[in-house]
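Peer 1: Below you'll find the structure I mean.
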Amino acid sequence: MNQTLLYPLIMSVGVLISSVSQFMLKKAAQKEYSSVLKEYFNPLVIGAYFILFLASLCSVFAYRVVQLSLGAVIESTSYIYVTVLSAVLYKERITVKKIIALILIVSGIIVFSM
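Throughout the sequence shown, residue numbering follows this note's numbering, covering -17 to 96 in sequence.
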């Protein structure tokens, strides 16, 4: 696989796993804890921050080849991931406003890639 495909793919994976880490943090925030230490030092929170660290490494590694303008477009796909994951994991409704926003995001990505 050549670099023009590999590095954007690495960045996309990083964006996806950072979205997953956001959901882990949301799940941890929904729980009640007996102390502040347990709130911030539990396996779910530590795991989420570790995943976020890995996602950051993916971005840093990919930006060695990926143009900054393309990187911003790839990073914007996180809104799509978060919306879909919210609907699947938390059964959140996808409203008309969210659909319009996703259409605008995807349209921007398509326009940029032309």
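Virtual Cβ for every residue (Gly too), placed ideally from N, Cα, C.
Treat the numbers as computed from the prediction; the structure is a model and nothing was measured.
Short of 6 Å in beta carbon distance, which residues of its chain neighbour I76, apart from the five on each side in sequence? Order them along the chain.
Peer 2: Here the set comprises A69.
Peer 1: Between which two residues does the alpha helix (DSSP H) containing E21 stretch?
Peer 2: 18 to 22 is the span of the alpha helix (DSSP H), which, as asked, contains E21.
Peer 1: On the DSSP letters alone, give me the boundaries of the alpha helix (DSSP H) that Q49 sits inside.
Peer 2: Note, Q49: premise wrong, no alpha helix (DSSP H); not H, not E.
Peer 1: Count the CB pairs spanning the segment 6 to 25 and the segment 49 to 61 that are closer than 8 Å, and state whether there are at least three.
Peer 2: The answer is no - the segment 49 to 61 does not touch the segment 6 to 25, with fewer than three Cβ pairs under 8 Å.
Peer 1: Helix, strand or coil for K73, going by three-state DSSP, please let me know.
Peer 2: Correct three-state label for K73: coil.
Peer 1: What does the alpha-carbon distance come out to for the pair I56 and Y15?
Peer 2: Taking the straight line from one Cα to the other gives about 36 Å.
Peer 1: Out of L(-2), L19, L34, which one is the CA nearest neighbour of P65?
Peer 2: In the sequence under discussion, the amino acid at residue 65 is Thr, which differs from the Pro named in the question. Nearest option by C-alpha distance: L(-2).
Peer 1: What do you get for G(-4), buried or exposed, if any count of 16 or more other CB atoms within 10 angstroms of its CB means buried?
Peer 2: Classification of G(-4): buried, given that the 10 Å Cβ count is 16 or more.
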